[in-house]
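Under the numbering used here, the first residue of the sequence shown is numbered 56, with each subsequent residue one higher.
Glycine is no exception: its CB is placed at the ideal position from the N, C-alpha and C atoms.
It should be emphasised that the depicted structure is a prediction, and the values quoted were computed from it without experimental measurement.
What follows is one structure encoded as structure tokens, with my remarks underneath.
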Amino acid sequence: MGEVTGRTTVAGVIGDPIAHSLSPAIHNAAYRALGLDWVYVGLAVPGGRGREAIRALPALGLAGVNVTMPHKADAAEACDVLTGDAAALGAVNTVVVRPDGSLLGDSTDGAGFLAELSALGVDPSQSRILVLGAGGAARGIVLALGRAHARLMVAARREAAAAAAADLATGAESHDWRDLTTLVARCDVIVNATPIGMNGEPPPFDPALIGPRHVVVDTIYHPAETPLIAAARAQGALAANGIGMLVGQAAAAFTLLTGYDAPLEAMYAAVGSARSRG
Ligand code: NAP
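As structure tokens, then:
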């Protein structure tokens, strides 16, 4: 990114809170790597005003925005056209202002997650995957894994939410949160899509159940090492935090917004990465 001028194309991310978002660092690094005259900013939009902010994008001349908490559902309502993923999820994390001024909404979290699994050497079509949680992140992951023909088990503390998430993928099973011991034994890949571990909470099952054959992906990226990730490494499992998914969803959004392939190396360099085996 050189000097910002009147000709610079502006994109950004709307959310509340937004100050600690890593998206500006990731996207601006990508613009610099490709020499694009673009700038990406964090836009603090209070809850309840997401729709209004998104409808204003064409008038402001922004190229588009990423959307984070709490605006993802409002963004889906505000867009003129939704991709299949965004429509299925009722959530949008990327809004593109098209040349005619209409708004296209997509959800790139699932693509980001699949990119991370691929980087870890996991073929979803050959894997039994346990997803913990049934919120926005879990639903995007389940939808993408279903399309990739994974054998899926979704566990959440609210039965109805687990069932609704499992409905997004053909053949996915929904399970009771109290069945985690059995489920961990039955799966190859464990995905934490709950906030458990953000504040040092231990995994919701006995970590001794994790073995070297498991791959563990925590969607949390702050802290870089949750107790689940630490336990997985201690048990000899391949483990990754949420940085890969974060960069993966940003890369897909970058391509939607700019039309260019994403410079992944520069994007990772902006935020680091954490994949390792204990
Ligand atoms: P969300 O929509 O609020 O969903 C959170 C899910 O976790 C819900 O199913 C919730 O259950 C469950 N949960 C929360 N606390 C729990 C507890 N103590 N025990 C059992 N279940 C619990 O949030 P989200 O947007 O999906 O985000 C979830 C996590 O994903 C966050 O940690 C976030 O950092 C991460 N994330 C990462 C990326 C990335 O790119 N790496 C992207 C998006 C999100 P209830 O419905 O019963 O509360």
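Exposed or buried, what is residue i when buried is set at 16 or more other beta-carbons lying within 10 Å of its beta-carbon?
i, result
"residue 178", "exposed"
"residue 208", "buried"
"residue 132", "exposed"
"residue 72", "exposed"
"residue 115", "exposed"
"residue 258", "buried"
"residue 102", "exposed"
"residue 197", "buried"
In the structure shown, what three-state DSSP assignment does residue i receive?
i, result
"residue 95", "strand"
"residue 62", "coil"
"residue 82", "helix"
"residue 245", "strand"
"residue 180", "helix"
"residue 162", "coil"
"residue 202", "helix"
"residue 147", "coil"
"residue 322", "helix"
"residue 263", "helix"
"residue 106", "helix"
"residue 173", "helix"
"residue 327", "coil"
Name the residue from the options whose alpha carbon lies nearest to the alpha carbon of residue i.
i, options, result
"residue 215", "88, 136, 189", "189"
"residue 326", "82, 102, 72, 70", "82"
"residue 292", "315, 312, 266", "266"
"residue 91", "69, 207, 64, 99", "64"
"residue 169", "89, 299, 324", "299"
"residue 330", "184, 285, 305", "285"
"residue 126", "224, 74, 191", "191"
"residue 242", "228, 253, 101", "228"
"residue 311", "230, 66, 223", "66"
"residue 105", "76, 68, 238", "68"
"residue 79", "294, 99, 61", "99"
"residue 193", "324, 144, 226", "144"
"residue 183", "155, 271, 150, 252", "271"
"residue 180", "195, 199, 220", "199"
"residue 251", "234, 155, 277", "277"
"residue 269", "187, 96, 332, 58", "332"
Using a Cβ-Cβ cut-off of 8 Å (strictly less than) and excluding sequence neighbours within five positions of residue i, which residues of its own chain qualify?
i, result
"residue 135", "157, 158, 159"
"residue 236", "260, 261, 264"
Which residues in the same chain have their Cβ closer than 7 Å to the Cβ of residue i, if we skip the five residues on either side of it in sequence?
i, result
"residue 152", "112, 113, 117, 118, 119, 158"
"residue 141", "131, 147, 160, 161, 162"
"residue 307", "163, 166, 167"
"residue 297", "273, 274, 275, 276"
Is residue i near the ligand SAH, in the sense that its beta carbon is under 7 Å from a heavy atom of that ligand?
i, result
"residue 164", "Looking for the ligand SAH in the displayed structure turns up nothing; the ligands present are the ligand NAP."
Which same chain residues end up closer than 6 Å to residue i when comparing Cβ atoms and leaving out the 5 residues on each side of it in sequence?
i, result
"residue 185", "208, 238, 242, 245"
"residue 287", "265, 271, 294"
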